[in-house]
Amino acid sequence: MIPDYWMLTKQQGEILKTENSLSGRIALHGEIAEIKRIYSAIETSLKHQETSCLVITSSISGEGKTTMVAGIAAFAAKQQGERVLAMDLNWYSPALHTFFGAEISHSFNRLRNFDSILDVVKPSGLENLDIFPAVRSNSDNDNISFGESESIAGRLIQMARKEYSFVIVDTSAIYPPNRRMIDPAIISKEADGVAVVALVNSTPREDIKRAMKILDTAGANIIGMIANQWKNSMV
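For the sequence shown, the working numbering begins at 30 and goes up steadily by one.
If you want it as structure tokens, here you go:
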């Protein structure tokens, strides 16, 4: 399947603004019109389901996927009035919390024992938007197997679906693999769709093809590719 391509440009224009610490960070996304078009395409691809989950990944790091997650989540919550959860499952190199001025506080042990996703999310500072920051990096990590971390992540997504209309997940890049990261190809099977972010005139074409093949082999529903023209130094 050839995925759709959506473009986030760096043209000047009206930008998504908020009244808290998020404002300066989300401004890096560029025009609100671009985010709106991307979100509309995502909604169409996910067939306007009552509850939907989207995974955002990239072939390599530094493509702007975390920026994209924050912007799409903020738009959905602010403009559409949906109850939204932005999740950081990039536990090897987390960044989503920095967009919202939040702290990483949960350990792996905490995530072994909880009854509701509402027990482990944090307010974003925006109405209708909560965030799930990545787990705190400590010695516990060495005691967590691949299978257990991915099982915990899958459970988090399943529980999030029960509480939120739209769940958007930031994952690690597909390359290079690392023993401490949650495989985005595996997590993608828990989602209704996957979008791959690539930095224009930067990401090698072969890396994109290889990432797409891995996701497709894993059974992911690749709904599109976001061509990002905005180089964000934060990610």
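Just so it is clear, CB atoms sit at the ideal spot from N, CA and C, and this is done for glycine as well.
Treat the numbers as computed from the prediction; the structure is a model and nothing was measured.
Between Met97 and Asn257, the C-beta gap is smaller than 8 Å, which places the two residues in contact. Under the three-state reduction of DSSP output, Asn138 falls in the helix class.
Fewer than three Cβ pairs drawn from the region 223-237 and the region 119-135 lie within less than 8 Å of each other, which leaves the two stretches out of contact.
The beta-carbon distance between Phe195 and Ala103, rounded to whole angstroms, is 12 Å. This is too long to meet the 8 Å contact definition. In the three-state scheme derived from DSSP, where H, G and I count as helix and E and B as strand, Pro213 is classed as helix.
Asn157 counts as buried, since at least 16 other C-beta atoms from the protein chains shown sit within 10 angstroms of its C-beta. Its chain contains Ala247, Gly248, Ala249 as the residues whose beta carbon lies nearer than 7 Å to that of Lys218, once the 5 sequence neighbours on both sides are disregarded; these appear in chain order. In this structure, Phe143 lies away from Ala99, with their beta-carbon atoms at least 8 Å apart.
Bridge partners of Val84 according to DSSP: Val198, Val223. According to the DSSP assignment, Ala103 belongs to the alpha helix (DSSP H) that extends over 94-108. DSSP places Ala247 in no alpha helix (DSSP H); its state is neither H nor E.
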